[in-house]
Structures are given as C-alpha cells and as structure tokens.
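Just so we're aligned: 134 in the UniProt record's numbering is position 134 of the sequence shown, and the numbers increase by one with no gaps anywhere.
Glycine included, each C-beta is placed from N, C-alpha and C at the ideal position.
Structure first, commentary second.
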Amino acid sequence: MMVHRTEVIKNTLDPVWKPFTVPLISLCNGDVDRNIKVLCYDYDNDGGHDFIGEFQTTVNKMSEAQNGVEVEFDCINPKKQKKKSYKNSGVIIMKSCKITRDYSFLDYILGGCQLMFTVGIDFTASNGSPREPSSLHYINPMGSNEYLSAIWAVGQIIQDYDTDKMFPALGFGAQLPPDWKVSHEFAINFNPTNPFCSGVEGIVQAYSNCLPHIRFYGPTNFSPIINHVARFATQALQQDTAAQYFTLLIITDGVISDMDETRHAIVQAAKLPMSIIIIGVGNADFTAMEFLDGDSSALRSYTGEEAVRDIVQFVPFRDFRNAPKETLAKSILAELPQQVTQYFKQRNLSPSNTMPE
C-alpha cells in the first residue's frame with residue numbers, strides 16, 4: 001500500500017525533496033520497527049517511469065536523522081545486484097525525521113486556548129432604512145432579522161469557548177452623532193474605550209439600541225475592522241503561547257468597496273492567530289466574497305504576496321433561510337477548528353496545559 005508519493009524534481013541527478021508529513025498510523029500502523037519499503041523512479045512524461053532502486057527501513061532507523069545528523073540508505077536495483085561491480089544505484093540521504101504529536105482543536109481548547117470573538121456589522125445605506133420592513137436591518141415582530149440570526153448562530157457556539165463571554169461588537173459604513181462623520185470601525189455600544197458586550201445577548205441589545213441613533217451611509221469597507229482585530233491578534237502573538245485565537249465575524253449585505261485593502265489586510269492577518277467568517281445577507285452578488293474565501297486558490301494581496309493559509313470562510317445566509325439554525329452554525333464554523341490547529345502547528349505551539357504523554 002502506497003502511503004506517500006513525493007513531488008517530481010526535474011533536470012537534476014541530485015534531487016532534494018520537500019519535507020512532508022505522514023500520519024504514523026498510515027506509515028507503519030504505529031509500529032516504529034515495522035519495515036517500510038521506499039522506491040525511487042526516474043520520471044517520464046508518458047507515465048512509463050524507469051525504476052532506479054529501492055531500500056527498506058523503519059521509522060526507528062529514519063528517526064536517527066535529527067539535530068544535523070543524516071542517515072544514508074543505498075538505493076538498490078535487485079536486477080543489477082548480481083553484478084560483481086555493482087554497489088548501488090544511488091544514495092538516499094535522510095536529513096531529518098521526527099515524530100511529533102498532532103494536536104486537535106479540542107486539545108487546544110482543553111489546554112486553555114480562548115477564542116476571542118468580535119462581530120463586525122454592515123450599516124451601509126444599501127441595507128435600507130431599518131424602519132422599513134424591506135430593510136435587512138428591520139427587526140420583525142418576532143424580534144429578528146438576518147443580521148440577528150447570523151449573530152445568534154455563530155455567537156451561541158463561540159461564546160462557550162470564551163470564559164468571560166465579553167465580546168467587542170463593531171459597526172462600519174454609518175454616520176455617527178453628533179457630527180455625523182462616516183465611521184468604518186465604531187463600537188455599537190458607543191463606548192470606544194470599552195466596546196465589549198456581555199454575551200450574545202449583550203451584542204443583540206447593543207445592536208437594537210444602536211439602530212435608531214445612526215445614519216446608514218457607506219462605502220462598504222472591510223479593511224478597518226480586519227486591521228482592528230489584527231492589532232489585538234498581534235499582541236497575542238508576542239506571548240508565544242497557544243492561549244488566544246481571534247475570530248472576526250463580518251455580516252454584510254453587498255459588494256466590498258475597498259477590495260485591494262481588504263485583500264492586503266487578510267494576507268497579513270493570515271500570519272496571526274486569527275480567522276474571518278463572512279456572512280452575506282440579502283440577495284446581492286457575493287462573487288467577491290467567494291474570491292476572498294480562497295478555497296479554490298490562494299488569496300494574494302495587491303502587492304502579489306500570497307496568504308500563508310486560508311483564514312476566510314464565506315457563507316451566504318440565503319442558502320440557510322429555511323434550514324434549522326444548527327445547520328447554519330455548522331456550515332459557518334466548519335473550517336474554524338482546522339484553521340486554529342493549522343496556525344498553532346505552523347508556529348510549533350503545543351496546547352498551554354498539555355498532559356504528559
């Protein structure tokens with residue numbers, strides 16, 4: 001059974017392959033003394049690859065390659081082995097091999113990692129006046145709208161991963177009293193020094209209280225709120241522990257106005273303990289949001305810099321209007337656990353309170 005195939009290195013007799021990771025259970029069923037066969041081929045475009053040679057080893061033997069000590073294996077072609085002058089068909093040099101524990105999302109949470117949750121709400125004019133039933137911000141007789149449904153769906157789950165349950169809630173795209181200047185990064189409780197709301201209920205209360213006191217305007221700029229959360233994630237980075245991971249939920253109704261700045265902000269945020277969930281409400285064209293999601297190809301900033309990982313999850317609310325709220329929450333949070341573990345693994349950070357193996 002083949003457990004791994006390396007990439008092809010062309011036009012060289014001295015290939016150096018990229019490091020790779022293989023689950024121990026797949027490689028040797030967890031038995032570090034079990035024989036593993038390694039085969040080496042000369043690649044041909046037509047698929048008729050030429051066999052060079054092979055060797056057998058164990059994880060225990062390969063693990064001797066650590067801390068600058070290399071391990072060499074003769075690559076043997078059995079058909080050529082009968083010749084007296086034959087020594088080998090080349091030498092495979094193992095530069096490094098180590099067994100590391102793969103921590104799960106739950107390992108990090110149980111180890112004390114806090115999910116720091118921030119909400120960003122779109123108050124641009126394209127939403128319509130909150131006093132009109134056609135508005136996406138209109139609170140119906142049931143006390144809900146698509147913005148509130150999205151906040152509840154995500155917040156009710158994420159708040160269980162935060163001990164103090166105090167969440168910053170920010171708005172963008174509105175004119176604020178008393179001078180009615182446009183802001184793309186304001187506390188919806190109108191307390192810029194303490195934008196925190198107590199639990200999801202606190203966010204909902206601040207949102208409802210905020211609506212009559214602001215004027216919906218524009219444009220739809222994401223980058224200020226992304227950079228706002230990124231500043232706090234940068235501070236957490238300095239601790240060099242798996243203690244905090246930041247999740248920004250942006251709820252919006254339409255097309256982004258500052259796409260270049262937003263792409264750049266996301267590429268920079270990908271280096272931080274941070275993920276972004278975007279929920280599109282209403283029936284607008286969300287093609288740009290799907291582009292930011294980066295599931296099909298890596299996101300690049302306007303300078304050409306590529307995101308080191310995918311941190312954006314986009315979900316159109318309209319796909320879940322008639323579905324149970326649990327279905328919406330599951331879809332919204334589908335990628336978050338993997339994004340958390342991927343980040344801490346890249347930084348080589350174990351859970352803060354790890355039980356000894």
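Judged by DSSP in its simplified three-state form, Pro-168 adopts strand. In the three-state DSSP reduction, Ile-157 falls in the helix class (H, G or I). With a cutoff of 7 Å on beta-carbon distance, Leu-170 and Glu-146 are scored as not near each other. Sixteen is the threshold: when 16 or more other Cβ atoms of the shown chains lie within 10 Å of the Cβ of Arg-263, as they do, the residue is buried. Where Asp-240 is concerned, there is no enclosing beta strand (DSSP E), because DSSP gives it neither an H nor an E. If you check the CB distance, Phe-117 and Ile-158 come in under 7 Å. Between Gly-254 and Cys-28, the alpha-carbon positions lie close to 51 Å from each other. By the Cβ rule, the segment 194-208 does not count as touching the segment 241-259, because fewer than three pairs are nearer than 8 Å. The beta carbon of Ile-109 lies closer than 7 Å to those of Tyr-161 in the same chain, with the five residues before and after it left out. Met-274 places its beta carbon less than 7 Å from that of Ala-233. Scanning the segment 269-357 from its first residue to its last, the whole beta strand (DSSP E) runs of 3-plus residues come out as 274-280, 312-316.
The shortest CA-to-CA distance from Arg-5 to any of Thr-341, Gly-304, Cys-40, Leu-24 is the one to Cys-40.
Put simply, of Lys-18, Asn-348, Asp-46 the residue whose alpha carbon is nearest the alpha carbon of Asp-240 is Asn-348. Under the three-state reduction of DSSP, Arg-215 is assigned to strand. If you draw a 10 Å sphere on the C-beta of Ser-223, you find 16 or more other C-beta atoms in it, and that means buried.
Met-2 counts as exposed, since fewer than 16 other C-beta atoms from the protein chains shown sit within 10 angstroms of its C-beta.
Assigned with DSSP and collapsed to three states, Met-62 falls in helix. In this structure the segment 210-219 does not touch the segment 320-333; the number of beta carbon pairs closer than 8 Å is below three. Our two residues, Gly-128 and Tyr-138, have alpha carbons roughly 8 Å apart in a direct line. Beta-bridge partners assigned by DSSP to Tyr-108: none are found. Each of Ile-36, Gly-90, Phe-123 was checked against the Cα of Gln-175, and the nearest Cα belongs to Phe-123. If you look at Ser-183, you'll find it isn't in any alpha helix (DSSP H); it sits in the beta strand (DSSP E) that goes 181-183.
The residue from Val-200, Asp-258, Gly-199, Gln-244 with its alpha-carbon nearest to that of Asn-227 is Asp-258. Only residues of its own chain outside the window of five on either side were considered, and among them Asn-283 have a CB closer than 7 Å to the CB of Arg-318, listed in chain order. Positions of the alpha helix (DSSP H) runs, each at least 4 residues long and wholly inside the segment 70-134, are given as 105-110 in order along the chain.
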